[in-house]
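Novice:
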Amino acid sequence: MAERGIAVFGAGYIGLVTGACLAELGHRVVVRDINPERVRILRAGDVPIHEPGLGEMIARNKERLTFTEDLDQALAGAEVAYVCVDTPPSASGDADLSRVWSVIRSLTNAQGLRAVVMKSTVPVGTGARARVLLDEHGLSHVGYVSNPEFTAEGRAVTDFMSPDRIVIGQDDATAGALVVALHTGIDAPVATMDVKSAEMVKLASNALLATKISFANEIATLCENTGADVGEVLGAVGMDHRLGAHFLRPGIGWGGSCFPKDSEALRQMASNTGFHPQLLTAVINVNNIQKRRAVQHLKDELGDLAGKDIALLGMAFKPGTDDMREAPSTVLAGRLLAEGAQVRCWDPLARPAAGEPWDSVTRFATPQQALDGVDAVVIVTEWPELARLDWTEAHTLMRTPVMFDGRNLLDPARLREIGFRYTSVGRP
Ligand code: UDX
27 MAERGIAVFG AGYIGLVTGA CLAELGHRVV VRDINPERVR ILRAGDVPIH
77 EPGLGEMIAR NKERLTFTED LDQALAGAEV AYVCVDTPPS ASGDADLSRV
127 WSVIRSLTNA QGLRAVVMKS TVPVGTGARA RVLLDEHGLS HVGYVSNPEF
177 TAEGRAVTDF MSPDRIVIGQ DDATAGALVV ALHTGIDAPV ATMDVKSAEM
227 VKLASNALLA TKISFANEIA TLCENTGADV GEVLGAVGMD HRLGAHFLRP
277 GIGWGGSCFP KDSEALRQMA SNTGFHPQLL TAVINVNNIQ KRRAVQHLKD
327 ELGDLAGKDI ALLGMAFKPG TDDMREAPST VLAGRLLAEG AQVRCWDPLA
377 RPAAGEPWDS VTRFATPQQA LDGVDAVVIV TEWPELARLD WTEAHTLMRT
427 PVMFDGRNLL DPARLREIGF RYTSVGRP
């Protein structure tokens with residue numbers, strides 16, 4: 027395999043995983059970030075995010091993987107530039123592409139460059155605009171490739187190294203082939219297409235995954251209303267090979283850095299073309315309601331929540347990550363505080379943003395401490411620690427043994443036997 031020089035722009039989740047994995051595949055990689063503190067941490071050998079296997083991979087490849095703030099250093103020897111910057115929602119609801127454009131403009135003097143690869147999630151049509159910008163900046167010889175990532179947090183390294191497919195959207199077959207060759211060593215089918223289609227694959231994949239979960243959540247509510255057991259129902263539904271068993275777990279709603287942002291961006295993109303996407307809108311609405319349903323369950327058990335002490339176990343949007351972006355726990359904490367409850371919480375990793383609601387929530391080092399004297403507990407994130415917890419002991423710590431298991435993590439019969447007033451999602 028030919029070793030290539032690669033510049034990765036952005037040392038966030040995607041940039042770090044992409045940079046580390048490309049170095050692992052044998053390439054020389056410089057990751058550039060404009061945040062000096064982030065670069066300092068990485069140079070010191072620390073990893074500023076929690077991602078299994080990433081720290082070891084970075085350490086293992088330190089000869090080939092460097093970090094810098096300096097643009098010239100990043101571009102020296104770079105044949106391929108990866109854009110891995112964030113594209114947050116803007117005030118208008120469209121994706122804010124300002125960081126993407128600033129990276130592309132900064133490439134002006136990179137005469138050795140042969141391809142620009144877009145990893146950031148962007149609206150359809152971004153590649154065409156990038157093409158114009160590259161041409162205006164004297165980079166007509168540089169091909170543009172859309173290579174969306176499908177990595178899930180907590181398994182990003184595995185997802186990069188063993189993907190279901192590699193999607194290559196190319197406006198120039200030579201650049202596309204160069205990017206495919208960078209993945210030599212990875213055994214996966216390559217889906218090659220035009221740039222716009224590749225951009226759409228990413229948005230459509232996330233929207234369909236979110237659709238499956240919202241569907242599961244809606245069926246769970248129907249199960250609650252009719253006495254069916256959603257675990258049995260979707261377990262058997264998922265055995266149909268045409269449907270598949272994945273992403274049919276009902277819960278407290280989907281969150282994270284991708285699904286909420288990408289589904290909104292897709293809806294916004296559709297609206298910009300004068301089209302109202304009804305299914306996607308419903309998928310988003312079902313999720314917004316789902317995040318609030320736990321509050322109703324608690325009210326059914328406790329009545330007025332004012333003055334009640336409620337423990338939230340788990341804050342991160344899923345286990346195995348410290349990421350709090352769009353975590354359902356934030357909506358839940360805010361709603362409970364608004365109802366006048368006192369909220370206590372536990373999570374082994376989560377790093378909530380400063381400000382409300384988390385400034386008004388007391389955090390404890392162990393689940394037991396969070397449960398001490400509370401009127402109810404909500405399982406928000408399915409951390410393995412909670413599956414293993416001694417619930418018989420936990421039961422004795424609580425003032426009233428009310429539990430809403432928002433992830434269907436525990437066995438209802440066992441919890442009721444211990445004495446819990448236990449409800450979960452879609453299970454009788
Ligand atoms: C997701 C996609 O999986 C990934 O391909 C894309 O690149 C980014 O978005 P991620 O956000 O890391 O990855 O998490 P994921 O594991 O997919 O879970 C997303 C959310 O859905 C979580 O809140 C999770 O709890 C929830 N979920 C997932 C369910 O509620 N039920 C399920 O069956 C699956």
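Numbering (this note's numbering), first residue to last: 27 to 454.
Positions of the beta carbon are idealized from the N, C-alpha and C atoms, including for glycine.
Keep in mind the model is a prediction, meaning the values are calculated, not measured.
Roughly how many angstroms lie between the CA atoms of M265 and L339, to the nearest whole one?
Specialist: On the sequence shown, residue 265 is found 239 positions in, with the first residue counted as 1. On the sequence shown, residue 339 is found 313 positions in, with the first residue counted as 1. Rounded to the nearest angstrom, the two C-alpha atoms are 31 Å apart.
Novice: Should Q316 be labelled buried (16 or more other beta-carbon atoms within 10 Å of its own) or exposed?
Specialist: To locate residue 316, count along the sequence shown from 1; it is residue 290. By the neighbour-count rule (16 or more Cβ atoms within 10 Å), Q316 is buried.
Novice: With a cut-off of 8 Å, do at least 3 Cβ pairs link the region 303-310 to the region 229-237?
Specialist: With the cut-off at 8 Å, the region 303-310 and the region 229-237 touch.
Novice: Ignoring anything shorter than 3 residues or poking outside the region 184-266, list the beta strand (DSSP E) runs there in chain order.
Specialist: Listed in chain order, they are 192-196, 216-219.
Novice: By the three-class DSSP mapping on this structure, what secondary structure does V357 have?
Specialist: Taking the sequence shown and counting its residues from 1, the one referred to as residue 357 is at position 331. Here V357 sits in helix by DSSP.
Novice: May I have all residues whose beta carbon comes closer than 5 Å to any heavy atom of the ligand UDX, sorted in chain order?
Specialist: Qualifying residues come out as F176, A178, E179, I239, F273, R275, G277, W280, G281, G282, C284, F343, K344.
Novice: Within its chain, find whatever has a CB closer than 6 Å to the CB of G103; leave out the 5 residues flanking it on each side and keep chain order.
Specialist: Looking up residue 103 in the sequence shown gives position 77. Around G103: G31.
Novice: Note down, in chain order, each residue of its chain lying with its Cβ closer than 7 Å to the Cβ of D398, except the 5 sequence neighbours on either side.
Specialist: On the sequence shown, position 372 is the one that residue 398 refers to. Closer than 7 Å at the Cβ level, and outside the excluded window around D398, lie L423.
Novice: Based on Cα-Cα distance, which residue from I40, D98, G211 lies nearest to R181?
Specialist: Here residue 181 is taken as the residue at index 155 of the sequence shown, counted from 1. Closest option to R181, Cα to Cα, is I40.
Novice: Please state the DSSP three-state secondary structure of R351.
Specialist: Within the sequence shown, residue 351 is the residue found at index 325, counting from 1. Looking at R351 - three-state DSSP - the assignment turns out to be coil, as it is neither helix nor strand.
Novice: Going straight from the alpha carbon of T449 to that of A203, what length do you get?
Specialist: In the sequence shown, residue 449 corresponds to position 423, counting from 1. In the sequence shown, residue 203 corresponds to position 177, counting from 1. Using only the alpha carbons, I get a separation of about 53 Å.
Novice: Restricting to runs no shorter than 4 residues, where is the alpha helix (DSSP H) found entirely within the region 66-135?
Specialist: If we require 4 residues or more, the alpha helix (DSSP H) runs fully inside the region 66-135 come out as 80-86, 97-101, 124-131.
Novice: What would DSSP say about C284, mapped onto helix, strand or coil?
Specialist: Indexing the sequence shown from 1 puts residue 284 at position 258. Coil at C284, not helix or strand.
Novice: Could you pull the start and end residues of the beta strand (DSSP E) that V369 belongs to?
Specialist: Taking the first residue of the sequence shown as position 1, residue 369 is located at position 343. That run of the beta strand (DSSP E) goes 368-372.
Novice: Take every Cβ of the region 424-441, pair it with every Cβ of the region 322-336, and state whether three or more of those distances are shorter than 8 Å.
Specialist: Touching, yes.
Novice: Touch check for the region 43-52 and the region 87-105: three-plus C-beta pairs under 8 Å?
Specialist: Result yes; three or more Cβ-Cβ pairs closer than 8 Å.
Novice: Who are the near neighbours of I405 in its chain, counting only those whose CB is closer than 8 Å to its CB and skipping five residues on each side?
Specialist: Position 379 of the sequence shown, counting from 1, holds the residue named residue 405. Excluding residues within five positions, the ones whose Cβ falls inside 8 Å are L339, G340, L412, M429, F430, D431, G432, R433, L435, L436.
Novice: Compute the Euclidean distance between the alpha carbons of P114 and C284, then round it to the nearest angstrom.
Specialist: The residue labelled residue 114 in the question sits at position 88 within the sequence shown. The residue labelled residue 284 in the question sits at position 258 within the sequence shown. The straight-line gap from Cα to Cα measures roughly 10 Å.
Novice: Please go through the same chain and pick out, in chain order, the residues whose beta-carbon is closer than 7 Å to the beta-carbon of R293, but skip the five residues on each side of it.
Specialist: If you number the sequence shown from 1, residue 293 lands on position 267. P303, L306, T307, I310, listed in sequence order.
Novice: Whole alpha helix (DSSP H) runs in the region 287-329 with 4 or more residues, listed along the chain?
Specialist: DSSP runs (the alpha helix (DSSP H)) wholly in the region 287-329: 304-328.
Novice: Are there 16 or more other CB atoms within 10 angstroms of the CB of P374, so buried, or fewer, so exposed?
Specialist: Position 348 of the sequence shown, counted from the first residue, corresponds to residue 374. Burial call: buried.
Novice: Can you list, in chain order, the residues of its chain whose CB lies under 7 Å from that of F446, leaving out five sequence neighbours each side?
Specialist: Residue 446 sits at position 420 when you count from the first residue of the sequence shown. H421, P427, M429.
Novice: Using only the alpha-carbon positions, how far apart do D335 and G366 sit?
Specialist: Locating residue 335 in the sequence shown gives position 309, counting from the first residue. Locating residue 366 in the sequence shown gives position 340, counting from the first residue. Distance between the alpha carbons of D335 and G366: 10 Å.
Novice: Quick one, are the C-beta atoms of D197 and D220 less than 9 Å apart?
Specialist: Here residue 197 refers to the residue found at position 171 of the sequence shown. Here residue 220 refers to the residue found at position 194 of the sequence shown. A contact, by the Cβ cut-off of 9 Å.
Novice: Assuming contact is defined by CB atoms lying nearer than 9 Å, are E250 and G452 in contact in what I supplied?
Specialist: Counting from one through the sequence shown, the residue named residue 250 turns up at place 224. Counting from one through the sequence shown, the residue named residue 452 turns up at place 426. Going by C-beta atoms, E250 is nearer than 9 Å to G452.
Novice: So I336 is in the beta strand (DSSP E); what residue range does that whole segment cover?
Specialist: The sequence position of residue 336 within the sequence shown is 310, counting from 1. Its beta strand (DSSP E) spans residues 335-339.
Novice: In terms of residues, what are the limits of the beta strand (DSSP E) holding D161?
Specialist: As a first step, residue 161 is located in the sequence shown; it is residue number 135 there, counting from the start. Per DSSP, D161 belongs to no beta strand (DSSP E); it is in the alpha helix (DSSP H), 152-162.
Novice: Rounding to the nearest angstrom, what Cα-Cα distance links D288 and L229 in this structure?
Specialist: Within the sequence shown, the letter at position 262 stands for residue 288. Within the sequence shown, the letter at position 203 stands for residue 229. The alpha-carbon atoms of D288 and L229 are separated by roughly 6 Å.
Novice: Could you check if P454 is buried or exposed, using at least 16 other CB atoms within 10 Å of its CB as the buried criterion?
Specialist: Translated into the one-based positions of the sequence shown, residue 454 becomes position 428. Looking at its Cβ environment, which holds fewer than 16 other Cβ atoms inside 10 Å, P454 is exposed.
Novice: Once DSSP output is grouped into helix, strand and coil, what is the label at S386?
Specialist: Here residue 386 refers to the residue found at position 360 of the sequence shown. If DSSP states are grouped into helix, strand and coil, S386 belongs with the helices.
Novice: In angstroms, rounded to a whole number, what distance separates the CA positions of L208 and G253?
Specialist: The residue given as residue 208 occupies position 182 in the sequence shown. The residue given as residue 253 occupies position 227 in the sequence shown. For L208 and G253, the distance between alpha carbons rounds to 53 Å.
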